[in-house]
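Whatever position you read off the sequence shown (first residue = 1), add 208 for this note's numbering.
From the three backbone atoms N, C-alpha and C, an ideal C-beta is built for every residue, glycine too.
Here the structure is laid out as structure tokens; the discussion comes afterwards.
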Amino acid sequence: MMIEETKRSIHDALCVARSLIRNKSIVYGGGSTEISCSIAVEAGADKYPGVEQVKEAQYAIRAFADALDSVPMARAENSGLQPIETLSAVKSQQLKENNPHFGIHCNDVATNDMCEQNVFETLIGKQQQILLATQVVKMILKIDDVIFPSGY
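Okay, structure coming up:
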């Protein structure tokens, strides 16, 4: 069991190194990327006027923003923190200070600034995570579209 975990850890480290060789860009971790993306997506939803068909689009856009928030909420919950309160505090801190580096620090240290804490992820890995999750949702929606009209 310990050898398998060591193999997995080495494989993960090699994948990170490969990603950094391909693209040297990084984003700050701790859920800060997802929180700032969620804030931007919510702001984008506000740009649509109040027409009925557009309200449905607003609902879908806001649901995507809520889905982005689930990553830092899970991080907070797994760290033993109160997920909703922690996410709300970090989100308001990002908005108030206009700093997208604020995230959820598991050790609950004095600062939530992931830049100061040196918590980061590869950009290419984060892009792949969001892209894969979005593709899965699109696939599920297509399946629902096929199943419901046929008479279920």
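Could you say which of the options lies nearest to residue i if we only look at CA atoms?
i: residue 240; options: 349, 325, 339; result: 325
i: residue 249; options: 345, 275, 281; result: 275
i: residue 287; options: 311, 243, 272; result: 311
i: residue 245; options: 304, 209, 345, 279; result: 279
i: residue 289; options: 306, 315, 308, 307; result: 315
i: residue 322; options: 243, 336, 293, 338; result: 243
Under the rule that 16 or more other beta-carbon atoms within 10 Å means buried, what is residue i, buried or exposed?
i: residue 363; result: An answer regarding residue 363 cannot be provided, because it is not within the stretch 209 to 360 covered by the chain.
i: residue 351; result: exposed
i: residue 211; result: exposed
Sorted by chain position, which residues of the same chain lie with C-beta nearer than 6 Å to residue i's C-beta, five sequence neighbours on each side aside?
i: residue 281; result: 291, 295
i: residue 273; result: 246, 249, 250
Would you please state the rounded distance, in angstroms, between the beta carbons of residue i and residue j? I believe it to be under 8 Å.
i: residue 253; j: residue 270; result: 5 Å
Output needed for residue i: all residues of its chain with C-beta closer than 8 Å, excluding positions within five of it in sequence on either side, in chain order.
i: residue 319; result: 313, 325
Checklist entry - With a cut-off of 8 Å, do at least 3 Cβ pairs link the region 323-332 to the region 233-241? => result The region 323-332 makes contact with the region 233-241: 3 or more CB pairs, one atom from each, lie closer than 8 Å.
Next on the checklist: Taking contact to mean 3 or more Cβ pairs, one atom from each stretch, closer than 8 Å, check whether the region 332-341 and the region 211-231 are in contact.
Outcome noted: Yes: the two stretches touch, three or more of their Cβ pairs being nearer than 8 Å.
Checklist entry - Three or more C-beta pairs closer than 8 Å, one from the region 261-272 and one from the region 294-313: is that the case here? => result Between the region 261-272 and the region 294-313 there are fewer than three C-beta pairs closer than 8 Å, too few to call the two in contact.
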